[in-house]
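Some notes on the structure that comes next.
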Amino acid sequence: MNQSTDQVSPLAAIGAIEQSFATAGYICNRSIATAIFLAQKLEKPLLIEGPPGVGKTELAKATAALTGKPLIRLQCYEGLDEAKALYEWKYGKQLLYTQVLKEKLGDLLAGAQGLKESIARLHEFDDTFFNEEFLEPRPLLKALWAPEGAVLLIDEIDKSDDEFEAFLLELLSDFQISIPELGTIKAKTIPIVFLTSNNTREIGDALKRRCLHLFIPFPDPALEQRIIRARVPDAEDRLRAQLVAFVQGLRGLDLKKKPAVSETIDWARALVLLHAREIEPELVRQTLNVLLKFQDDIDTAEAELHALVARARKAG
Amino acid sequence: MTAVLGDFIRTLRAADIRISTAEAIDAGAVLGLVGYDDRAVLHDALSQVLAKTEGEKSAFTDVFDRFFSFTPFAGENPDDQPDAGDAVPGAGGLPGGGTGSGQGQPAGDLADMLLGGDQAGLQMALAEAARAVQLNQIRIFTQRGQFTRRIMEAMGLAGLDERIDNDPAVADRLIEARARLQSQVYDYVERQLELVAANAGRQLREDMLSRLRLSNIDRRDMAIMRGLVRRMARKLIALHSRRARRARRGQLDVRRTIRANIEFDGHLFHTVWKKHRVDRPKVMAICDVSGSVAAVSRFLLMFLHSLQEVLPQVRSFAFSGELGEITDLLVGDDIEAALGEALDRYGSRSTDYGRAFADFAEHAMADVDHRTTVLILGDARSNYGDPRADILKQIHDRARRVLFLNPEPRGLWGSGDSEMKRLAPHCDRALTCASLRDLERVVAELLRTAV
Ligand SMILES: Nc1ncnc2c1ncn2[C@@H]1O[C@H](COP(=O)(O)OP(=O)(O)OP(=O)(O)O)[C@@H](O)[C@H]1O
Ligand SMILES: [Mg+2]
Chain A
1 MNQSTDQVSP
11 LAAIGAIEQS
21 FATAGYICNR
31 SIATAIFLAQ
41 KLEKPLLIEG
51 PPGVGKTELA
61 KATAALTGKP
71 LIRLQCYEGL
81 DEAKALYEWK
91 YGKQLLYTQV
101 LKEKLGDLLA
111 GAQGLKESIA
121 RLHEFDDTFF
131 NEEFLEPRPL
141 LKALWAPEGA
151 VLLIDEIDKS
161 DDEFEAFLLE
171 LLSDFQISIP
181 ELGTIKAKTI
191 PIVFLTSNNT
201 REIGDALKRR
211 CLHLFIPFPD
221 PALEQRIIRA
231 RVPDAEDRLR
241 AQLVAFVQGL
251 RGLDLKKKPA
261 VSETIDWARA
271 LVLLHAREIE
281 PELVRQTLNV
291 LLKFQDDIDT
301 AEAELHALVA
311 RARKAG
Chain B
1 MTAVLGDFIR
11 TLRAADIRIS
21 TAEAIDAGAV
31 LGLVGYDDRA
41 VLHDALSQVL
51 AKTEGEKSAF
61 TDVFDRFFSF
71 TPFAGENPDD
81 QPDAGDAVPG
91 AGGLPGGGTG
101 SGQGQPAGDL
111 ADMLLGGDQA
121 GLQMALAEAA
131 RAVQLNQIRI
141 FTQRGQFTRR
151 IMEAMGLAGL
161 DERIDNDPAV
171 ADRLIEARAR
181 LQSQVYDYVE
191 RQLELVAANA
201 GRQLREDMLS
211 RLRLSNIDRR
221 DMAIMRGLVR
231 RMARKLIALH
241 SRRARRARRG
251 QLDVRRTIRA
261 NIEFDGHLFH
271 TVWKKHRVDR
281 PKVMAICDVS
291 GSVAAVSRFL
301 LMFLHSLQEV
311 LPQVRSFAFS
321 GELGEITDLL
331 VGDDIEAALG
341 EALDRYGSRS
351 TDYGRAFADF
361 AEHAMADVDH
371 RTTVLILGDA
381 RSNYGDPRAD
391 ILKQIHDRAR
401 RVLFLNPEPR
411 GLWGSGDSEM
421 KRLAPHCDRA
431 LTCASLRDLE
441 RVVAELLRTA
451 V
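Those protein sequences? They're chains A and B, same order as listed.
The opening position of the first sequence corresponds to residue 1 in my numbering, with each subsequent residue numbered one higher.
The opening position of the second sequence corresponds to residue 1 in my numbering, with each subsequent residue numbered one higher.
Structure, rendered in structure tokens:
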């Protein structure tokens, strides 16, 4: 009984997440809010897949803003290794210390009986070299060390290679790593982890099994309108409805790269700057390059332009 | 509860979704977190822990929809609200009403859940009952009835019946709800059976499919279904043409032969054979193409139009709101596409039988004659509008016969907005017809009497 009174119901919590994201400028649906709720409750990493520009990265940022935790980002690329992702020893600093130590060496070894004892005495200084002081933390270690926890964004995991993925797997399963010289470092507070992928390669099953999996598709018209309303408040209702309908229509064409939410936002801004109140074929033609990045795509779209515009104008 | 989840996961695995033990445990945790209250949230949450590719996600959604079918418990449809409102004071007086059992009933009482429209509660009760009677052991279609009954019993049928006997204030509503529940449990059992059959051999699978309620058939099985319809149609055609040949041979009409030969002094120059008028029946099919009825209509039309050789004059009409003729649409080879188009044109509007009959009268009444069989296919649910039984009566008066095929079980006829009780009197026959087998039987009968 007590528990249920001092705890918000899960559905209310999910609704609240949706709400506070909206206040923070990130417009999401139930499914996304549910994923965030589960990631926090189950303390599991969230793997987000979906086409480029649907707000995968933005979701991590919004979560950081919302929870007040620092956002720590690890951008993946081919050849990314532990030294760049986890930690490095500060060789320069170690060198400096060696210098200092050398000068102290005489004092230190004074009175030592033979080699054995000298080594034993020196050995006590190992700890001085390999201690956290000489450690340069990279994003993953930073996330483990963050005293109040953090939002860790491992962006575009599909760009990294298999070995790195295997290493991550270990880290994400118990949120601790072992540094040979130091022993095990355990997360002070388990971070909220997001992994994003654009699916340039298939993510391994083992990693997927450790994660919650959220697929973010292109938004439906209603959601995209809400995003535009939040991001480009100056666009009037009719214009907003029409421009969203047009972009949605474009996505139905066979394009090399379909316009993403970010392009819709840019286009909406451009149209507002041009004082547009409605979309018209000529205006659309002139601004099409904001939405489409390939000439082929622009050609394809121009062929359908009138029909698309006419249909979109009915939306508003 | 984890038992239900276990069954769900087994079903997912059968649908080729890979789920590790760790993920199954996660799913348990998720269930504990979000519960069954909100279907969409439950779907999203479980999908996030259990289905991890785009393909798996869509397969997941299919299985989820069939496994957790909350919507079928439309025990109290919104249009019944005024009734429900009336019943509230009665229900309020219940505990004092002295049935004894009315007071302090457990929260999971079946009657209360039905009256209160407690979808989540019913769903859980159903899932638990299914578990208790080991529905996952169902293997053959003849077990459907038996499992349906056992599940209803496990859900508390006895208590429900008792309440119906002792509580006149709600008896009528409960009787209707019970019929509806039975149909829904039956659907649930069928879906379970279908899930089991998904891995069975093709022969078994076809057999299963032809007996399943058409509205329970999965999109994936459409190809098999089309094949089945074609095969059944060919079988009927063969059967019918044999019968027609035998009929054509005829017999000597002695009396008329003698009469015709009187002038020849009894020598029989002209032989007169008994004539079998080969009656070419005209069939006019009027199909409700709204919602779940559409599945059945679709197959009926497919059937009729595969029978071109035997039934040269089929005219088809489709409606949900307004009615239109779709005969011309259905002449090509790609009947499936044509039906899709017909559904686009006439489906998904608010169902209005009155309007449909009026439209039919206007378009086609003139062509209805004593050789015409009018086949009506639909659930007779007309959103409380006047179904215009008077027009159906006129059709009946002119036609050779009127057959009404209703996919709903008889127990539901006349409940809620079903106008079946008002329409059936103007039909020569009104039948429940939900599976491909049923359809085959009806069409065979149509042909038999057509000869
Ligand atoms: N739901 C949303 N609410 C508000 N803004 C959004 C939303 N979705 C996308 N955006 C906007 O679109 C831009 C692109 O989003 P983001 O960079 O997060 O996409 P992405 O999915 O990470 O793309 P990529 O796969 O290319 O990394 C963001 O800067 C943000 O302004
Ligand atoms: Mg990104």
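Even for Gly, the Cβ is constructed at its ideal location relative to N, Cα and C.
> Under a Cβ-count criterion, where at least 16 other Cβ atoms within 10 Å of its own Cβ denotes burial, should Glu56/B be classed as buried or exposed?
Replying inline: Taking the first residue of the second sequence as 1, we reach residue 56/B at position 56. Glu56/B should be labelled buried.
>> Is any non-hydrogen atom of ligand 3 found closer than 6 Å to the C-beta of Thr200/A, if you look at the structure I gave you?
In response: What this structure holds is ligand 1 and ligand 2, not ligand 3.
>> Cβ closer than 8 Å: which chain B residues qualify as neighbours of Arg30/A?
In response: Reading the first sequence from its first residue, position 30 is the one you call residue 30/A. Correct list: Ala40, Val41, Asp44.
> What is the DSSP secondary structure of Gly102/B, counted as helix, strand or coil?
Replying inline: On the second sequence, residue 102/B is found 102 positions in, with the first residue counted as 1. Only weak support is given to the placement of Gly102/B: the predicted model assigns it a pLDDT of 33, under 50, and the value that follows is read from those uncertain coordinates. Of the three classes helix, strand and coil, the one that applies to Gly102/B here is coil, per DSSP.
>> In the DSSP output, which residue or residues are listed as bridge partners for Ala285/B?
In response: In the second sequence, the residue the question calls residue 285/B occupies position 285. DSSP output for Ala285/B lists Ser316/B, Leu375/B as bridge partner(s).
>> Which runs of the alpha helix (DSSP H) at least 4 residues long sit entirely within the segment 353–402 of chain B? Give them in chain order.
In response: Within the segment 353–402 of chain B, the alpha helix (DSSP H) runs of at least 4 residues that lie entirely inside it are, in chain order, 353–364, 389–398.
>> In the DSSP assignment, the beta strand (DSSP E) including Asp417/B goes from what residue to what residue?
In response: The residue given as residue 417/B occupies position 417 in the second sequence. Run containing Asp417/B: none; DSSP gives neither H nor E here.
> Alpha carbon to alpha carbon, how far is Val41/B from Pro180/A?
Replying inline: On the second sequence, position 41 is the one that residue 41/B refers to. On the first sequence, position 180 is the one that residue 180/A refers to. Those two C-alpha atoms are separated by around 44 Å.
>> Do Gly378/B and Asp288/B have their beta-carbon atoms positioned less than 7 Å apart in this structure?
In response: Residue numbering aside, residue 288/B sits at position 288 when the second sequence is read from its first letter. Residue numbering aside, residue 378/B sits at position 378 when the second sequence is read from its first letter. The Cβ-Cβ distance between Asp288/B and Gly378/B falls below 7 Å.
> Measuring CA to CA, which of Gly55/A, Asp174/A, Ile17/A, Val193/A is closest to Pro219/A?
Replying inline: Start at 1 with the first residue of the first sequence, and residue 219/A comes out as number 219. Ranking the options by Cα distance to Pro219/A, first place goes to Gly55/A.
> Would the C-beta of Glu58/A count as close to ligand 1, meaning under 6 Å from any of its heavy atoms?
Replying inline: In the first sequence, counting from the first residue as 1, residue 58/A sits at position 58. Yes - ligand 1 has a heavy atom lying nearer than 6 Å to the Cβ of Glu58/A.
>> According to DSSP, is Glu325/B part of a helix, a strand, or is it coil?
In response: Here residue 325/B refers to the residue found at position 325 of the second sequence. In the structure shown, Glu325/B sits in a strand (DSSP, three-state: E or B).
> Is the segment 291–302 of chain B in contact with the segment 432–443 of chain B, if contact means three or more CB pairs nearer than 8 Å?
Replying inline: yes
> When the Cα atoms are used, what is the spatial distance from Leu292/A to Ala301/A?
Replying inline: Taking the first sequence and counting its residues from 1, the one referred to as residue 292/A is at position 292. Taking the first sequence and counting its residues from 1, the one referred to as residue 301/A is at position 301. About 9 Å.
> Can you give the Cα-Cα distance for Tyr188/B and Leu140/A, rounded to whole angstroms?
Replying inline: In the second sequence, the residue the question calls residue 188/B occupies position 188. In the first sequence, the residue the question calls residue 140/A occupies position 140. Computed Cα separation, rounded: 49 Å.
> Helix, strand or coil: how does DSSP classify Val8/A here?
Replying inline: Indexing the first sequence from 1 puts residue 8/A at position 8. If DSSP states are grouped into helix, strand and coil, Val8/A belongs with coil.
>> Suppose the cutoff is 7 Å on Cβ atoms and the five residues either side in sequence are ignored; what does the same chain contact list for Thr11/B look like?
In response: For the purposes of this step, residue 11/B is taken as the residue at position 11 of the second sequence. Cβ within range, chain order: Val63, Phe67, Leu195.
>> Which same chain residues end up closer than 7 Å to Ala62/A when comparing Cβ atoms and leaving out the 5 residues on each side of it in sequence?
In response: Against the first sequence, residue 62/A aligns to sequence position 62. Cβ within range, chain order: Phe21, Ala24, Tyr26.
>> Strictly below 7 Å CB to CB, what residues from chain A border Gln123/B?
In response: Taking the first residue of the second sequence as 1, we reach residue 123/B at position 123. None at all; the shortest Cβ gap to chain A is about 16 Å.
>> Tell me whether Gly53/A, by its Cβ, gets closer than 6 Å to a heavy atom of ligand 1.
In response: Within the first sequence, residue 53/A is the residue found at index 53, counting from 1. Gly53/A has its Cβ nearer than 6 Å to a heavy atom of ligand 1.
> Who are the near neighbours of Ile376/B in its chain, counting only those whose CB is closer than 6 Å to its CB and skipping five residues on each side?
Replying inline: Along the second sequence, read from residue 1 onward, the residue named residue 376/B stands at position 376. Only Ile286, Phe404 meet the Cβ criterion.
> Could you give the uninterrupted runs of the beta strand (DSSP E) lying entirely in the segment 206–285 of chain A, keeping only those of 3 residues or more?
Replying inline: 212–215
>> Mapping the DSSP letters down to three states, classify Gln192/B as helix, strand or coil.
In response: Here residue 192/B refers to the residue found at position 192 when the second sequence is read from its first residue. Gln192/B: helix per DSSP, three-state reduction.
>> Which residues of the segment 11–36 of chain B have a Cβ closer than 8 Å to any Cβ of chain A? Give them in chain order.
In response: Arg18, Ser20, Ala22, Glu23, Asp26, Ala29, Val30, Leu33, Val34, Gly35
> Distance, Cα to Cα, Gly316/A vs Ala245/A?
Replying inline: By one-based count along the first sequence, residue 316/A stands at place 316. By one-based count along the first sequence, residue 245/A stands at place 245. Whole-angstrom Cα-Cα distance: 9 Å.
> So the alpha helix (DSSP H) Gln48/B belongs to, where does it begin and stop?
Replying inline: Position 48 of the second sequence holds residue 48/B. In the DSSP annotation of this structure, the continuous segment of the alpha helix (DSSP H) that includes Gln48/B starts and ends at 39–50.
> To which residues does DSSP link Asp155/A through a beta bridge?
Replying inline: By one-based count along the first sequence, residue 155/A stands at place 155. Paired residues: Gln75/A.
>> Using 7 Å as the threshold, is the C-beta distance between Leu71/A and Val8/A below it?
In response: As a first step, residue 71/A is located in the first sequence; it is residue number 71 there, counting from the start. As a first step, residue 8/A is located in the first sequence; it is residue number 8 there, counting from the start. It is not a contact, given that the beta carbons lie outside the stated cut-off.
>> Looking only at its chain, what residues have a beta carbon closer than 7 Å to the beta carbon of Phe147/B, apart from the 5 residues adjacent to it on each side?
In response: In the second sequence, the residue the question calls residue 147/B occupies position 147. Val133, Leu135, Ile138, Val189, listed in sequence order.
> At least one CB of chain A closer than 7 Å to the CB of Val49/B: is that the case?
Replying inline: Taking the second sequence and counting its residues from 1, the one referred to as residue 49/B is at position 49. Yes, contact with chain A.
>> Quick test of your reading: Ile265/A and Arg231/A, contact by CB under 8 Å. State the CB separation rounded to the nearest angstrom.
In response: On the first sequence, position 265 is the one that residue 265/A refers to. On the first sequence, position 231 is the one that residue 231/A refers to. Ile265/A to Arg231/A, Cβ: 5 Å. Contact.
> Quick one, which of Asp37/B, His43/B, Val34/B, Leu33/B has its alpha-carbon nearest Phe8/B's?
Replying inline: Sequence index remark: in the second sequence, residue 8/B carries index 8 (1-based). Taking only the C-alpha atoms, the option nearest Phe8/B is His43/B.
>> Please report whether the beta-carbon of Leu214/A lies at a distance below 7 Å from any beta-carbon of chain B.
In response: Numbered from 1 along the first sequence, position 214 holds the residue referred to as residue 214/A. Closer than 7 Å: yes.
> From which residue to which residue does the alpha helix (DSSP H) around Ser31/A run?
Replying inline: As a working note, residue 31/A is residue 31 in the first sequence. 30–42 is the span of the alpha helix (DSSP H), which, as asked, contains Ser31/A.
> For the segment 381–412 of chain B, which residues have a CB atom closer than 8 Å to at least one CB atom of chain A, in sequence order?
Replying inline: From the segment 381–412 of chain B, no residue has a Cβ closer than 8 Å to chain A.
> Quick one: Cα of Phe37/A to Cα of Phe175/A, how far?
Replying inline: Within the first sequence, residue 37/A is the residue found at index 37, counting from 1. Within the first sequence, residue 175/A is the residue found at index 175, counting from 1. In a straight line, the C-alpha of Phe37/A is about 19 Å away from that of Phe175/A.
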